[in-house]
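Reading through the structure tokens given below for one structure.
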Amino acid sequence: MTWINYFSNSKIPFYIYKLKRGDSIIQNTSVKNHKCIIILHGIIYKTQIFTNNEILPVAILNKNNIIDINCHLISYKSYYKIIAIEETYIISFSFKNLKYNNKINMKLFHNLINGYKMTLYKYEIMRNILSHKYIKLRVIQLVLFLSIEFGIIERTQIKIPFIITKTDIAIMTGTNTNTINKIIKRLHKNKLIHYSTKNFISINNYFIANSVFLLN
1 MTWINYFSNS KIPFYIYKLK RGDSIIQNTS VKNHKCIIIL HGIIYKTQIF TNNEILPVAI
61 LNKNNIIDIN CHLISYKSYY KIIAIEETYI ISFSFKNLKY NNKINMKLFH NLINGYKMTL
121 YKYEIMRNIL SHKYIKLRVI QLVLFLSIEF GIIERTQIKI PFIITKTDIA IMTGTNTNTI
181 NKIIKRLHKN KLIHYSTKNF ISINNYFIAN SVFLLN
């Protein structure tokens, strides 16, 4: 409710949208836009899709992360797609309404700056994941990030508390589902992760220890 209160008190128009799991938003880079999106609740991942159908994972974002649509006027040969991993609520507003507004609460600016900092950190994490030459290491670092960021401890395991399909993993690591199938089977066989039939991932201490060794 914090963002809603800030915008309401500052007389800034806003819209709230609900995304179900799998719902997506397309950002057209050919259209100049001053819109900004803040995640109120939930988790999404963002990709850049080129005209040759190449998909580049950009970031995994969650509560209080900010997507500035206007800053993505990079290439007319691509567009951005935001996909909800779980039920997500977002708030949309225009930066134009922040200019020359003497009713704006300074805490709003403070939260916007913090939101941008957290978002840049998530972009950096994705760059680190993609920096690995071998897909297996990308998958391991992705699972480790998701476990640290969202995981729930259950006895001797850490469970990622939302459904993540092999297609999602493939997109987030820049590969295809066939490769992910082979990697998941290998990691499961080596008891590094457990991937349930309902698409939930769990890891144990052995996975964490091996991840630190493999990623260094």
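Note that the sequence shown covers residues 1 to 216 in UniProt numbering.
Even for Gly, the Cβ is constructed at its ideal location relative to N, Cα and C.
Just so you know, these numbers come straight off a predicted model, no measurement behind them.
Assuming I39 is part of the beta strand (DSSP E), what are its boundary residues?
Translated into the one-based positions of the sequence shown, residue 39 becomes position 39. I39 -> beta strand (DSSP E) spans 35-41.
In angstroms, rounded to a whole number, what distance separates the CA positions of residue 249 and S202?
Look at the range of the chain in this structure, 1 to 216, and you will see that residue 249 is not part of it.
Counting pairs of Cβ atoms below 8 Å between the segment 46-54 and the segment 9-16, do you hit three or more?
At 8 Å Cβ cutoff, the stretches do not touch.
Measuring only the C-alpha atoms, how far is I125 from N102?
In the sequence shown, the residue the question calls residue 125 occupies position 125. In the sequence shown, the residue the question calls residue 102 occupies position 102. Cα to Cα, the separation comes out at about 37 Å.
Rounding to the nearest angstrom, what Cα-Cα distance links K166 and L108 in this structure?
In the sequence shown, the residue the question calls residue 166 occupies position 166. In the sequence shown, the residue the question calls residue 108 occupies position 108. So the alpha carbons of these two residues sit roughly 38 Å apart.
Answer yes or no: do I85 and R138 have a C-beta to C-beta separation smaller than 8 Å?
Looking up residue 85 in the sequence shown gives position 85. Looking up residue 138 in the sequence shown gives position 138. In this structure, R138 does not lie closer than 8 Å to I85 by Cβ.
Please report the straight-line C-alpha distance between I160 and I193, rounded to a whole angstrom.
Here the question's residue 160 lines up with position 160 in the sequence shown. Here the question's residue 193 lines up with position 193 in the sequence shown. Answer to the nearest angstrom: the Cα atoms are 11 Å apart.
Inspect the beta-carbon positions of L142 and T173 and report whether they are closer than 8 Å.
Numbered from its first residue, the sequence shown carries residue 142 at position 142. Numbered from its first residue, the sequence shown carries residue 173 at position 173. Yes. Within cutoff.
Taking C-beta to C-beta, are I39 and N65 nearer than 8 Å?
For the purposes of this step, residue 39 is identified with residue 39 of the sequence shown, where counting begins at 1. For the purposes of this step, residue 65 is identified with residue 65 of the sequence shown, where counting begins at 1. With contacts defined as CB atoms closer than 8 Å, I39 and N65 qualify as a contacting pair.
Are A59 and Y80 touching if we call contact CB-CB under 8 Å?
What you label residue 59 is simply residue 59 of the sequence shown in a count that begins at 1. What you label residue 80 is simply residue 80 of the sequence shown in a count that begins at 1. No, Cβ-Cβ distance for A59 and Y80 is not below 8 Å.
Considering K77, what are the terminal residues of the alpha helix (DSSP H) in which it resides?
Here residue 77 corresponds to residue number 77 of the sequence shown, with the count starting at 1. Unbroken run through K77: none, as it is neither H nor E.
Put L108 into one of helix, strand or coil per three-state DSSP.
Walking along the sequence shown from the start, residue 108 turns up at place 108. If DSSP states are grouped into helix, strand and coil, L108 belongs with the helices.
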